[in-house]
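Here the structure is laid out as structure tokens; the discussion comes afterwards.
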Amino acid sequence: MVDVILGLQWGDEGKGKIVDYFAKDYDVVARFQGGPNAGHTLYVEDKKVVLHQIPSGVFQKNKLNLIGNGVVLDPVTLKRECDTVAGFGVDLKKNLFIAERTHLILPTHRALDKAAELSKGNQKIGSTLKGIAPAYMDKTGRNGLRVGDLLDKNFTTAYIKLRLKHQKLLDNYAFAEDITAWEEEFFEAVEFLKQLNIVNGEYFINQQIKAGKKVLAEGAQGSMLDIDFGTFPFVTSSNTVTAGVCSGLGVAPQTIRDVIGVTKAYCTRVGSGPFPTELENETGEELRKIGNEFGATTGRPRRCGWIDLVALQFACMINGVTKIVMTKADVLDAFKELQVCTHYKLNGKESKEIPFRIDRMQVEALYKSFPGWNVPTSTAKTFQELPVTMKSYVDFINQYLGVKVSYISNGPGRDQIITI
Ligand code: GDP
Ligand code: IMO
Ligand code: MG
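Here it is, written out as structure tokens:
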């Protein structure tokens, strides 16, 4: 049996914290897509940790964590992260497994990402510059190198061949960067990676499922950044939605039970691209300040706005969401009035659908207004303690989406979560 936790917005919904919270009820936690573009924050022994590639179940005792084949893996980031995690006394030899079919991010992928972004000028995607798109391009272009290849005696030859190809592309961009230091780091990290548990991921996970173990699949990015269903081209390069679980881990669709969608009580986006409910004003500034909305991976300020039910309903539909977790509800404590986007006006016409290319349309978000609660909620432990005004806000969202908010997260801490 596989349950899924994934983001319903443009990323940074609080997936890391929620996976860490739920992981205690599972045996295996598995990442199925994305790479070090992700930044999943959790608190361990009151210390903040940001995970980029290791699944967020790694701090729960006696759990197995799998980096699945759908991920693109940067050995350098992985080594750094392993050092951090090991610093908390976690034995990675026992609980971290890496699928041999996982594609590698090479130093030249990072350079290509940078070159491509620079060449786009003001049309840039706002990529995290971690080499994600070039690595996935080499996967679908059938050129990429995979974790299993590291164990082959011809790995260095294959690496040099691919690097030469990348160099030609970089020359086309007229992009020059000395990657000697990156390469040194890369090969050092490769030696480290070879010592970890490299497994056949699809047999590993299916044997677990067959033995009755419970698997939690951890999404990265968010549904609106999905390569097929997001706000293309302002998206990431993988399937962030539930469908990505099957191809990113090698599990059959009928093994999937619950799909737990995570949304903030408002909305944020980092990088370029359409964001209908964005607030480019003082209210947006306030959300950023109170919510501490700065990227966990790049430190960039996140764009902030009201919750967007048109986009959320779309995400619930594509993912088959069965339960919703609403995070950062406490951030709204300070606001006198809240807005909830119920419709878009697209080129002058009202709609409740996400169109083909919203970035090419005149978009106006239409709102329903709600009174704020203006009381501190971050110490509440039960649903009963929450203000009536918050309950009506949540109730409206439940009705609109036809899926229930089953948990409310009211602070970044491990225990700040309320079951409804
Ligand atoms: P992820 O990428 O989805 O895992 O989310 P990030 O870690 O990038 O961003 C979420 C941020 O919000 C982190 O700094 C979390 O510590 C914080 N956070 C998570 N849940 C809550 C919450 O309920 N309230 C508040 N105030 N902060 C939260
Ligand atoms: P988590 O897992 C928020 C955004 C980037 C950029 C676009 C493409 O922490 O929620 P990429 O580096 O993937 O080529 O960038 O996607 N992006 C994210 N935004 N959270 C993330 O991950 C993101 N990963 C990528 O800002 O707009
Ligand atoms: Mg994040």
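Using the working numbering, the first residue of the sequence shown is number 117, and each one after it goes up by one. All C-beta atoms in this analysis are idealised placements derived from N, C-alpha and C, irrespective of residue type, glycine included. Nothing here was measured: the structure is a model prediction, and the numbers come from that model.
Buried or exposed (CB count within 10 angstroms, at least 16 for buried), residue i
i	result
Ile248	buried
Thr393	buried
Ala290	exposed
Asn526	buried
Ala202	exposed
Asp287	exposed
Val491	exposed
Tyr142	buried
Thr256	exposed
Asp294	exposed
Lys452	exposed
Lys444	buried
Leu180	buried
Leu341	buried
Distance cut-off 7 angstroms: residue i Cβ against heavy atoms of the ligand SAH
i	result
Glu466	Here the bound small molecules are the ligand GDP, the ligand IMO and the ligand MG; the ligand SAH is not part of this structure.
Near the ligand IMO: residue i beta-carbon under 7 angstroms from a heavy atom
i	result
Asn153	yes
Thr379	no
Phe350	yes
Gly130	no
Ser522	no
Gln337	yes
Ser353	yes
Gly150	yes
Gly415	no
Val386	yes
Gly123	yes
Ile241	yes
Ala232	no
beta-carbon residue i near the ligand MG non-hydrogen atom, thresh 7 angstroms
i	result
Gly127	yes
Ala574	Absent from the model: residue 574. The displayed extent of the chain is 117 to 536, so no value can be given.
Residue i Cβ short of 7 angstroms to the ligand GDP heavy atom set
i	result
Thr157	yes
Ser525	yes
Asn408	yes
Gly264	no
Pro528	yes
Ala139	no
Thr358	no
Lys133	yes
Gln532	yes
Val447	yes
DSSP bridge partner residues for residue i (one or two, in chain order)
i	result
Cys457	Asp424 and Tyr483
Pro417	Phe410
Asp119	Leu332
Gly150	Val187
Thr384	Cys420
Glu396	None; Glu396 has no bridge partner.
His156	Leu167
Lys439	Ile376
Thr535	Tyr523
Val447	DSSP lists no partner for Val447.
- Message: Tell me whether the segment 495 to 503 and the segment 411 to 431 touch, counting them as touching only if at least three CB pairs, one residue from each stretch, are closer than 8 angstroms.
- Response: no
- Query: Would you say the segment 209 to 226 touches the segment 312 to 322, given that touching needs at least three Cβ pairs under 8 angstroms?
  - Reply: yes
- Message: To test your reading of the DSSP string, which unbroken alpha helix (DSSP H) runs of 4 or more residues are found completely within the segment 308 to 382?
- Response: 317 to 326 and 359 to 365
- Message: Quick test of the definition: if touching needs 3 or more C-beta pairs under 8 angstroms, does the segment 459 to 468 touch the segment 519 to 535?
- Response: no
- Query: Does the segment 170 to 182 come close enough to the segment 136 to 147 to have 3 or more Cβ pairs within less than 8 angstroms?
  - Reply: yes
- Message: Give the list of continuous alpha helix (DSSP H) stretches no shorter than 4 residues that lie fully inside the segment 234 to 277.
- Response: 248 to 256
- Can you give, in chain order, each stretch of the beta strand (DSSP E) that sits fully within the segment 461 to 526 and has at least 3 residues? 465 to 467, 479 to 487 and 521 to 525
- Inside the segment 199 to 240 only - alpha helix (DSSP H) runs reaching at least 4 residues: 208 to 211 and 223 to 236
- Please confirm if the segment 180 to 190 is in contact with the segment 352 to 366, defined as three or more CB-CB distances below 8 angstroms between the two stretches. yes
- Segment contact, 8 angstroms Cβ cut-off, at least three pairs: the segment 156 to 169 with the segment 295 to 307: no
- Say whether the segment 446 to 462 touches the segment 482 to 497, bearing in mind that this needs 3 or more beta-carbon pairs closer than 8 angstroms, one atom from each stretch. yes
- Looking at C-beta atoms only, is the number of pairs between the segment 147 to 158 and the segment 266 to 286 that lie closer than 8 angstroms three or more? no
- Message: Three or more C-beta pairs under 8 angstroms: does that hold for the segment 344 to 360 against the segment 399 to 414?
- Response: no
- At least 3 beta-carbon pairs within less than 8 angstroms: the segment 227 to 245 vs the segment 193 to 201: no
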